[in-house]
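Have a look at the structure below before the remarks.
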Amino acid sequence: MAGLSMSVPGTGSVRGPGALLFSLLFLLLFVGVGSTWAQPADRVFERIEAVRADWNAAAPPETGWTSVELPDLWFKRWPDHEGVVWYRLQWQEPQAVQPVTLMLDSVTMAGAVYVNGILIAQDRHLVEPLSRSWNRARHWTLAPPILHAGHNELLVRVSGMSVYHGGLGQVVVGAPASVLPQFERAEFSRRTLLQGGVGVTLAAVAVFGMVWLLRRSEHLYGWFALFSLLRVPYGYNYIATETWPYPDTAIFQFANLSFLLASATCFVIFSLHFCQLRLPRLGRASWAVSVLGVAALAMTPTPWLAQVRNGVVVSAAALFLLGASLVLWHAWTSRRTGAVALAVWLLLPMAVATHDCLVYLRVISTNTYYFPAVSSFMLLGMALVLALHLVGGMRLVEQFNVQLRERVDAATARLAEVLRSQHEAELERTRLNERMSLVRDLHDGLGMTLSGHIHALRGREGEVDSRTLSTLRDINNDLRLLIEGASMDDTDRLAERLAPLRHRSTRLLEAAGITCRWQLIGLEHSRLDARRSLDLLRLLQEALTNVLRHSHASEVSVRLEAMHGQLSVSVADNGRGFEVHPPCAGSAPPVGMGLGSMRARAQRLGGTLTIDAGAQGTTLALQLSLEPSPSI
Numbered sequence: 001m002a003g004l005s006m007s008v009p010g011t012g013s014v015r016g017p018g019a020l021l022f023s024l025l026f027l028l029l030f031v032g033v034g035s036t037w038a039q040p041a042d043r044v045f046e047r048i049e050a051v052r053a054d055w056n057a058a059a060p061p062e063t064g065w066t067s068v069e070l071p072d073l074w075f076k077r078w079p080d081h082e083g084v085v086w087y088r089l090q091w092q093e094p095q096a097v098q099p100v101t102l103m104l105d106s107v108t109m110a111g112a113v114y115v116n117g118i119l120i121a122q123d124r125h126l127v128e129p130l131s132r133s134w135n136r137a138r139h140w141t142l143a144p145p146i147l148h149a150g151h152n153e154l155l156v157r158v159s160g161m162s163v164y165h166g167g168l169g170q171v172v173v174g175a176p177a178s179v180l181p182q183f184e185r186a187e188f189s190r191r192t193l194l195q196g197g198v199g200v201t202l203a204a205v206a207v208f209g210m211v212w213l214l215r216r217s218e219h220l221y222g223w224f225a226l227f228s229l230l231r232v233p234y235g236y237n238y239i240a241t242e243t244w245p246y247p248d249t250a251i252f253q254f255a256n257l258s259f260l261l262a263s264a265t266c267f268v269i270f271s272l273h274f275c276q277l278r279l280p281r282l283g284r285a286s287w288a289v290s291v292l293g294v295a296a297l298a299m300t301p302t303p304w305l306a307q308v309r310n311g312v313v314v315s316a317a318a319l320f321l322l323g324a325s326l327v328l329w330h331a332w333t334s335r336r337t338g339a340v341a342l343a344v345w346l347l348l349p350m351a352v353a354t355h356d357c358l359v360y361l362r363v364i365s366t367n368t369y370y371f372p373a374v375s376s377f378m379l380l381g382m383a384l385v386l387a388l389h390l391v392g393g394m395r396l397v398e399q400f401n402v403q404l405r406e407r408v409d410a411a412t413a414r415l416a417e418v419l420r421s422q423h424e425a426e427l428e429r430t431r432l433n434e435r436m437s438l439v440r441d442l443h444d445g446l447g448m449t450l451s452g453h454i455h456a457l458r459g460r461e462g463e464v465d466s467r468t469l470s471t472l473r474d475i476n477n478d479l480r481l482l483i484e485g486a487s488m489d490d491t492d493r494l495a496e497r498l499a500p501l502r503h504r505s506t507r508l509l510e511a512a513g514i515t516c517r518w519q520l521i522g523l524e525h526s527r528l529d530a531r532r533s534l535d536l537l538r539l540l541q542e543a544l545t546n547v548l549r550h551s552h553a554s555e556v557s558v559r560l561e562a563m564h565g566q567l568s569v570s571v572a573d574n575g576r577g578f579e580v581h582p583p584c585a586g587s588a589p590p591v592g593m594g595l596g597s598m599r600a601r602a603q604r605l606g607g608t609l610t611i612d613a614g615a616q617g618t619t620l621a622l623q624l625s626l627e628p629s630p631s632i
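Quick look at the structure:
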């Protein structure tokens with residue numbers, strides 16, 4: 001509609017499931033969009049009339065009105081009319097309580113809208129250079145006092161020319177919930193998709209234009225970039241709202257069709273290069289058709305311009321169909337992957353082009369064109385094919401160097417991995433040997449000495465200070481923890497590190513008549529590094545030692561639970577409890593040195609230690625993260 005409405009018609013002939021799939025997509029797309037106008041909540045117009053006037057008519061004539069149907073193109077009624085046509089639509093509104101929405105599908109070219117004599121909107125330019133509203137739907141919300149209960153009248157002043165399909169598209173008045181979805185679908189298909197198509201075309205121009213500039217011998221990329229570049233003004237026709245950068249509508253339409261012919265001719269030349277065909281006469285004939293078409297547009301008087309424009313559009317369609325047929329024939333005969341891929345990408349644009357041609361020739365009564373949007377997918381497909389072609393050529397040249405480099409890199413990586421593994425294994429072996437040597441020395445030396453002294457002092461408890469004996473036992477227990485921890489590494493699970501302490505403390509507590517219960521939850525895959533594990537074991541050992549020595553409890557429960565990266569530790573007994581004081585400088589802890597050391601270990605662990613002591617017993621709780629903080 002209006003100006004260049006279609007560039008590349010044609011239908012692809014494809015047998016098999018592919019043809020069925022494309023046909024189904026085609027029908028779903030266009031039948032689904034076309035059905036959006038049939039909404040049961042829309043108002044029914046009692047009368048739709050039109051009357052023509054001159055360019056400067058500020059009000060419609062009193063006489064000359066004739067009944068019309070929408071969408072209306074006035075070239076069928078007034079083939080030579082250039083100027084203004086007034087459309088008058090009347091409907092009944094039972095109650096003007098709720099607002100209604102008015103939607104105009106299109107106005108070719110520019111217009112002003114009045115409801116009950118009140119101007120609600122108008123285009124910027126109602127005389128040359130005319131605004132371009134032919135491919136733009138618009139809507140307004142009507143409410144009192146503009147909307148009347150009972151009779152309502154809509155006047156649309158349309159400025160246009162018969163040769164450019166001047167007229168008025170569908171008009172809908174109804175509830176907002178019914179009309180707004182129709183507007184959104186029209187806006188998406190006629191504005192958003194087309195704007196995206198122009199963006200994709202510009203991207204193709206930039207990418208393949210740069211490729212051609214850097215490699216002038218690659219003529220294929222140059223023709224593709226030129227074909228894409230010439231499509232930009234054609235796509236601009238669908239989204240432009242003014243004639244800029246052209247001075248008036250006639251020049252805009254002339255340039256639009258000229259770019260259309262030139263782009264179709266470039267597509268033929270591109271197809272010849274893609275198919276590797278030497279047909280110079282075909283190329284010259286394509287350019288001749290393009291030049292003759294442009295000359296005819298420039299020199300034809302206005303009364304015959306509509307027929308010439310139709311001929312130019314058909315010529316451009318024939319050129320596109322010729323280029324597409326060359327690609328399809330080449331794909332069928334050569335079975336090349338790139339040719340087949342490009343042929344597949346061309347099938348849907350050819351089908352959509354047929355639809356848009358029928359719309360332009362008014363065989364299909366709609367104002368929605370899809371080829372500019374679908375052609376962007378064609379450009380994406382051709383860009384993909386050409387990119388694969390370019391990459392394939394480069395791979396042929398660089399294949400040997402790439403393979404050699406890959407083999408050298410792979411061998412280097414394998415050697416580095418082997419050396420790294422050997423180095424790590426040697427370091428680990430050395431650390432383990434040093435650790436085991438230290439463990440043996442501690443066990444056989446200091447450990448045996450401490451055990452001997454403790455055993456000797458047990459028989460002299462009346463003569464020996466109990467604090468001294470207790471200190472020796474604590475040192476012996478710490479030494480055991482060091483020896484047990486040294487035999488493990490950072491990969492050992494927390495449950496395995498707890499096992500020796502659990503066994504030893506349970507045995508000591510039960511020997512003292514204290515029942516000890518352990519609950520380990522979620523520790524199967526939990527780990528702490530060696531230093532933090534030692535702090536945790538010492539804290540648990542100190543807590544259990546306090547239970548053994550000071551609580552007078554009959555049972556104690558130890559619970560460790562790992563969940564969501566956090567470790568919860570609690571030691572609860574049913575003893576007599578004690579008064580807990582916060583640590584302060586210069587004061588002694590209430591229970592030996594145990595609480596102060598436990599708080600210090602909790603701080604090193606990056607955790608929070610709480611102690612709740614009362615008549616019912618004492619509960620020690622520690623909360624820490626399994627992952628060490630950066631400050632730890």
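Using the UniProt record's numbering, read the sequence shown as starting at 1 and increasing by one per residue. Every residue gets a Cβ at the ideal spot worked out from N, C-alpha and C, and that includes glycine. This structure is a prediction, so every number in the text was calculated from the model and none was measured.
Between E82 and D248 a beta carbon distance of about 12 Å is seen, past the 8 Å cut, so the two are scored as non-contacting. The beta carbon of A296 lies closer than 8 Å to those of V308, G311, V312 in the same chain, with the five residues before and after it left out. The straight-line gap separating the alpha-carbon atoms of L528 and R185 is approximately 59 Å.
The straight-line gap separating the alpha-carbon atoms of T243 and R335 is approximately 46 Å. Each of A511, R497, L220, E561 was checked against the Cα of G522, and the nearest Cα belongs to E561.
About 29 Å separates the beta carbons of V100 and L130, which is beyond the 8 Å limit, so they are not a contact pair. Beta-bridge partners of T141 (DSSP): T101.
With a cut-off of 8 Å on Cβ pairs, the region 157-175 is in contact with the region 73-80, counting three or more such pairs. Comparing C-alpha distances from A512 to each of A288, S533, R549, R497 shows the shortest one belongs to R549. Counting only the Cα atoms, T430 lies some 40 Å from L620. Our two residues, L260 and R231, have alpha carbons roughly 7 Å apart in a direct line. The criterion of a C-beta distance shorter than 9 Å is satisfied by A341 and L384. Taken in chain order, the whole beta strand (DSSP E) runs of length 3 or more contained in the region 525-611 are 555-563, 566-573. In this structure, DSSP gives L520 an extended state, which the three-state scheme calls strand.
Bridge partners of H151 according to DSSP: Q92.
Less than 9 Å separates the beta-carbon of L494 from that of L567.
D535 is the residue among D535, G614, H564 whose C-alpha sits nearest the C-alpha of G606. Annotated three-state conformation of G117 is coil, per DSSP.
Around the CB of R601, 16 or more other CB atoms lie within 10 Å, so the residue is classed as buried. One alpha carbon belongs to G614, the other to Q519, and they sit about 23 Å apart. Collapsing the DSSP output to three states places D72 in a strand. A contact is defined here as three or more CB-CB pairs under 8 Å, and the region 313-320 meets this definition with respect to the region 263-271. By the Cβ rule, the region 108-122 counts as touching the region 130-139, because three or more pairs are nearer than 8 Å. Below 8 Å, too few C-beta pairs join the region 171-178 and the region 344-364 to call them touching: fewer than three. Between A96 and A137, the C-beta gap is not smaller than 9 Å, which leaves the two residues out of contact.
The residue from G197, I118, A112, L168 with its alpha-carbon nearest to that of L126 is A112. Assigned with DSSP and collapsed to three states, E46 falls in coil, not helix or strand.
By the neighbour-count definition (other C-beta atoms within 10 Å, threshold 16), P60 is a buried residue.
Closest in alpha carbon position to W212, among Y221, T610, L540, is Y221.
The Cβ atoms of S597 and D573 do not sit closer than 9 Å to each other.
Listed as beta-bridge partners of W86 by DSSP are V51, R157.
As computed with DSSP, A621 is found in a beta bridge with S570, T610.
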